[in-house]
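Residue numbers for the sequence shown follow my numbering, beginning at 24 and rising by one.
By construction, the Cβ of each residue, glycine as well, lies at the ideal position given by its N, Cα and C atoms.
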Amino acid sequence: MKKRIVAYKPLPDDVMAWLREHAEVVEVDAARHDAFVAALKEADGAIGASVKITPAMLEGATKLKVLSTISVGFDNFDVADLTRRGIVLANTPDVLTESTADTVFALILASARRVVELADFVKAGQWQRSIGAEHYGVDVQGKTLGIVGLGRIGGAVARRAALGFNMRVLYTNRSPNEHAEKTFGARRVQLAELLAQSDFVCLQVPLTKETHHLIGAAELKAMKKSAILINASRGQTVDEAALIDALKAGTIHGAGLDVFEREPVAADSPLLSMNNVVALPHIGSATHETRHAMARCAAENLVAALDGSLASNIVNREVLKP
Ligand code: NAP
Numbered sequence: 024m025k026k027r028i029v030a031y032k033p034l035p036d037d038v039m040a041w042l043r044e045h046a047e048v049v050e051v052d053a054a055r056h057d058a059f060v061a062a063l064k065e066a067d068g069a070i071g072a073s074v075k076i077t078p079a080m081l082e083g084a085t086k087l088k089v090l091s092t093i094s095v096g097f098d099n100f101d102v103a104d105l106t107r108r109g110i111v112l113a114n115t116p117d118v119l120t121e122s123t124a125d126t127v128f129a130l131i132l133a134s135a136r137r138v139v140e141l142a143d144f145v146k147a148g149q150w151q152r153s154i155g156a157e158h159y160g161v162d163v164q165g166k167t168l169g170i171v172g173l174g175r176i177g178g179a180v181a182r183r184a185a186l187g188f189n190m191r192v193l194y195t196n197r198s199p200n201e202h203a204e205k206t207f208g209a210r211r212v213q214l215a216e217l218l219a220q221s222d223f224v225c226l227q228v229p230l231t232k233e234t235h236h237l238i239g240a241a242e243l244k245a246m247k248k249s250a251i252l253i254n255a256s257r258g259q260t261v262d263e264a265a266l267i268d269a270l271k272a273g274t275i276h277g278a279g280l281d282v283f284e285r286e287p288v289a290a291d292s293p294l295l296s297m298n299n300v301v302a303l304p305h306i307g308s309a310t311h312e313t314r315h316a317m318a319r320c321a322a323e324n325l326v327a328a329l330d331g332s333l334a335s336n337i338v339n340r341e342v343l344k345p
């Protein structure tokens with residue numbers, strides 16, 4: 024008998040067709056909370072993204088064996104609880120690494136060179152004479168980039184920085200990234216040194232209890248006044264109220280943000296009225312090619328996990344231990 028899968032995010036047609044070859048698929052709008060929870064109770068697996076799945080939502084979902092998230096980050100799940108319930112959590116690393124690193128670099132360049140602000144200036148018809156120093160940006164090439172969390176995406180950012188922009192790369196990780204050290208000359212330092220020396224501080228850590236508000240008022244104060252903070256990890260890694268204060272007070276020069284503490288960010292957030300903030304709507308991996316690859320990867324993870332053959336992309340491998 025075919026396994027039953029809940030799809031709680033729209034999938035590309037070809038991915039959906041492929042999934043239907045392998046399972047009975049029930050499409051549910053996760054915004055209809057009760058219907059979603061009821062569907063999980065009848066399901067063997069589920070695929071989706073961008074929705075918090077709490078332990079309470081899984082009460083009574085006794086058949087559920089696999090949750091497949093269309094993302095590399097898995098902060099929407101209580102992993103320990105899933106493990107206790109014997110539910111495999113699968114994610115989609117690697118396929119989104121390069122496009123997310125491109126987004127990070129877009130934020131670095133846009134923030135440093137005031138691309139969004141000055142494009143708006145031209146469109147508003149304000150370019151009426153040759154621009155002067157009041158519109159100059161700051162250089163990116165040759166500067167120091169501090170990466171907080173140099174893993175897959177951080178590594179792809181380091182490669183762009185070191186090889187493409189001749190930048191010095193500093194990083195913090197709990198364990199050394201020898202590949203990045205050898206290949207890009209990245210140097211592992213304490214967070215305090217990274218903050219004090221970097222012209223761009225770029226967050227690429229997963230959101231965990233340890234990384235929640237990793238950057239707060241004290242860390243912002245420890246940065247150079249001329250530095251720019253780039254966040255394309257998760258909004259909650261930065262204390263947003265402290266960031267707003269720091270930007271208002273000129274404690275740091277600017278910020279490039281793909282993520283926010285609450286998403287979508289409120290239209291009246293002070294961040295959105297600051298010229299020295301570039302704000303994006305969480306587009307790290309949002310290209311046609313990458314979003315398709317992520318959906319396909321998550322679908323394959325789900326089907327393989329249901330038949331017991333999934334070997335990689337498993338967040339809680341302990342579940343598989345006898
Ligand atoms: P990854 O390969 O696991 O890299 C994460 C890095 O963070 C690792 O090098 C890890 O090294 C380090 N780290 C983890 N906990 C840390 C801590 N407490 N203190 C310091 N460093 C820590 O993950 P990835 O694939 O690069 O993805 C990183 C994150 O990017 C995801 O979790 C996700 O939240 C975010 N993301 C955002 C978007 C977007 O659309 N904006 C897209 C994709 C991913 P150690 O284990 O040695 O500490």
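Considering only C-alpha positions, which residue in the set Asp125, Ala30 and Asn324 is nearest to Gly187?
-> Asp125
Asn99 beta carbon near the ligand NAP (any heavy atom closer than 7 Å) = no
Residue from Phe128, Gly155, Ala46 and Arg137 with nearest C-alpha to Met190 | Looking from the CA of Met190, the closest CA among Phe128, Gly155, Ala46 and Arg137 belongs to Phe128.
Does the Cβ of Gly169 lie closer than 7 Å to at least one heavy atom of the ligand SAH?
-> This structure does not include the ligand SAH; its bound ligands are the ligand NAP.
Give every residue of the same chain whose Cβ lies closer than 6 Å to the Cβ of Leu303, excluding the five residues on either side of it in the sequence, and list them in chain order.
-> If we look at Leu303 and ignore the five residues flanking it on each side, its Cβ neighbours are Asp281.
Take every Cβ of the segment 313-321, pair it with every Cβ of the segment 111-122, and state whether three or more of those distances are shorter than 8 Å.
-> Counting Cβ pairs under 8 Å, three or more are found: they touch.
Residue closest to Lys166, alpha-carbon to alpha-carbon, out of Ala113, Asp222, Lys146 and Asn114 = Asp222
Going by DSSP, name the residue or residues bridged to Glu50.
-> Ala30
Taking 7 Å as the cut-off, is the CB of Ser256 close to at least one heavy atom of the ligand NAP?
-> yes
On a CA-only basis, which of Gly258, Lys86 and Lys248 is nearest Ile238? Give me that one, please.
-> Gly258
Counting only runs that start and end within the segment 151-237, where is the alpha helix (DSSP H) found for 4 or more residues in a row?
-> 175-182, 201-207 and 214-220
Which residues does DSSP pair with Ala133 in a beta bridge?
-> None, per the DSSP bridge assignment.
Which of the three DSSP states, helix, strand or coil, is assigned to Leu303?
-> coil
Output the distance between the C-alpha atoms of Leu301 and Ala156, rounded to the nearest integer angstrom.
-> The question names Leu, yet the displayed sequence has Val at residue 301. So the alpha carbons of these two residues sit roughly 20 Å apart.
Going by other Cβ atoms of all chains shown within 10 Å of its Cβ, with 16 needed for buried, is Thr260 buried or exposed?
-> buried
Helix, strand or coil at Ser91 according to DSSP, with G and I counted as helix | strand
Taking the DSSP output, what are the residues bridged to Phe100?
-> Ile76
So which of Leu266, Pro33, Leu230 and Thr310 has the shortest CA-CA distance to Asn299?
-> Leu266
Length of the line joining the Cα atoms of Gly160 and Arg137 | Just so you know, the alpha carbons of Gly160 and Arg137 end up roughly 6 Å apart.
Status (buried if at least 16 other CB within 10 Å, exposed otherwise) for Met246 = buried
Residue span of the beta strand (DSSP E) that contains Ile368, given as start and end | A question about residue 368 goes unanswered here, because the residues of the chain that appear run from 24 up to 345.
Any idea if Ala269 is buried or exposed, counting beta-carbon neighbours within 10 angstroms, 16 or more meaning buried?
-> buried
State yes or no: is the C-beta of Gln213 nearer than 7 Å to some heavy atom of the ligand NAP?
-> no
Endpoints, beta strand (DSSP E) assigned at Val111 = Unbroken beta strand (DSSP E) run through Val111: Val111 to Ala113.
State whether the segment 87-104 contacts the segment 278-294, with contact taken as three or more CB pairs (one from each stretch) at a distance under 8 Å.
-> no
Name the residue from Leu168, Val89, Val49 and Ile110 whose alpha carbon lies nearest to the alpha carbon of Val192.
-> Here the closest residue by C-alpha is Leu168.
Residues of its chain near Ala219, where Cβ-Cβ distance is below 8 Å and the 5 sequence neighbours each way are ignored | Ala245, Met246 and Lys247
Between which two residues does the beta strand (DSSP E) containing Asn254 stretch?
-> Ile251 to Asn254
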